[in-house]
Amino acid sequence: MKDASCGYCVGGEPLAKFGIKICDLQVSQLILFKEQSHPGRCIVAYKDHVSEIVDITEEERNAFFADVNHAAKAIHAAFRPDKLNYGAYGDTGCHLHMHLVPKYKDGFEWGGTFAMNPGKVTLSDEEYQEMISKIKACL
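Residue numbers 995 to 1133, in the working numbering, belong to the letters of the sequence shown in order.
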């Protein structure tokens, strides 16, 4: 099931407002978050337009969390954060997804909750592609 107004579902310009698709995983897609105050920040978005974790079967939920784990391992290998924070929100964009936010002891927002979109760090297209290549090499 897809929603024509959802960036995770339709990709293209709606997705490009906040992210760049890296690849498809088992039951989701991995997206590089354009705001990179936390180097390596990504989103794992479920393949279908469902709002809640309770809207999918146990098998689908386990596969989704396996995708989150797979992405987390790649982020750890590529960027060596001190901690990876996980955030599952969706009050306005009701599509099941999880933010994977690398945190660094000497970096932005260490010791606090990460801002959804602090708007501080955006990169060039080349820098985004370099990050994507680094993540893909670790998947």
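Backbone N, C-alpha and C fix where the C-beta goes; we use that ideal spot for every residue, glycine too.
* **Within the segment 1087 to 1130, ranges of the beta strand (DSSP E) (whole runs, at least 3 residues)** => Secondary structure remark: continuous beta strand (DSSP E) runs of at least 3 residues inside the segment 1087 to 1130, in chain order: 1091 to 1097.
* To do: Report all residues from its chain with a CB closer than 7 angstroms to the CB of Val1044; omit the five preceding and five following residues, and keep chain order.
  => Same-chain partners within the cutoff: Ile1050, Leu1090.
* Asked: When DSSP labels each residue in this structure, what does Cys1036 get in the three-state scheme?
  -> In the displayed model, Cys1036 falls within a strand according to three-state DSSP.
* Asked: What number of angstroms, rounded off, separates the C-alpha of Cys1036 from the C-alpha of Lys1028?
  -> A direct Cα-to-Cα measurement between Cys1036 and Lys1028 gives close to 9 angstroms.
* How many Å lie between Asp1076 and Asn1056 at the Cα? -> Straight-line spacing of the CA atoms in Asp1076 and Asn1056 works out to 26 angstroms.
* **For Leu1026 and Phe1012, the rounded distance between their alpha carbons** => Linking Phe1012 to Leu1026 through their CA atoms gives a straight-line distance of about 9 angstroms.
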